[in-house]
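Novice:
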Amino acid sequence: MTDRGFAVPRICPSCDGVASVAITSGGRDRHGHLRTITVDCKDCHGVGALFDRPPTFATAGR
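So for the sequence shown, UniProt numbering puts the first residue at 1; every next one is plus one.
In structure tokens, the structure reads:
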């Protein structure tokens, strides 16, 4: 018996599924660590896939 297949979300055409990247600023801090900034894709908001409707998130509390 085979398992159920799940629908694969569409890969974001803007970032090709690579939704977050770290870009180096070229400098190092006083501890020697390389300074980087993290940038998310503006179309998929760092998810890497596009959904037919926006995903809903559970809220904690009331």
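Ideal Cβ positions, reconstructed from N, Cα and C, are used throughout, including at glycine. Note that the structure is predicted; figures quoted are calculated from it, not measured.
Could you tell me the alpha carbon to alpha carbon distance between Thr24 and Ile11, rounded to whole angstroms?
Specialist: On the sequence shown, residue 24 is found 24 positions in, with the first residue counted as 1. On the sequence shown, residue 11 is found 11 positions in, with the first residue counted as 1. Answer to the nearest angstrom: the Cα atoms are 26 Å apart.
Novice: Count the other CB atoms within 10 Å of the CB of Ala19; is the residue buried (16 or more) or exposed (fewer)?
Specialist: Locating residue 19 in the sequence shown gives position 19, where the first residue counts as 1. With 16 or more Cβ atoms within 10 Å of its Cβ, Ala19 is classed as buried.
Novice: With a threshold of 7 Å (Cβ to nearest heavy atom), would Cys12 be considered close to the ligand ZN?
Specialist: Of ligands this structure carries none, so the ligand ZN is not represented either.
Novice: Give me the DSSP bridge partner(s) of Ser20.
Specialist: Translated into positions along the sequence shown, residue 20 becomes position 20. BP columns for Ser20 point to Asp40.
Novice: Excluding sequence positions up to five away, which residues of its chain have a Cβ less than 6 Å from the Cβ of Cys15?
Specialist: Translated into the one-based positions of the sequence shown, residue 15 becomes position 15. Cβ within range, chain order: Cys41.
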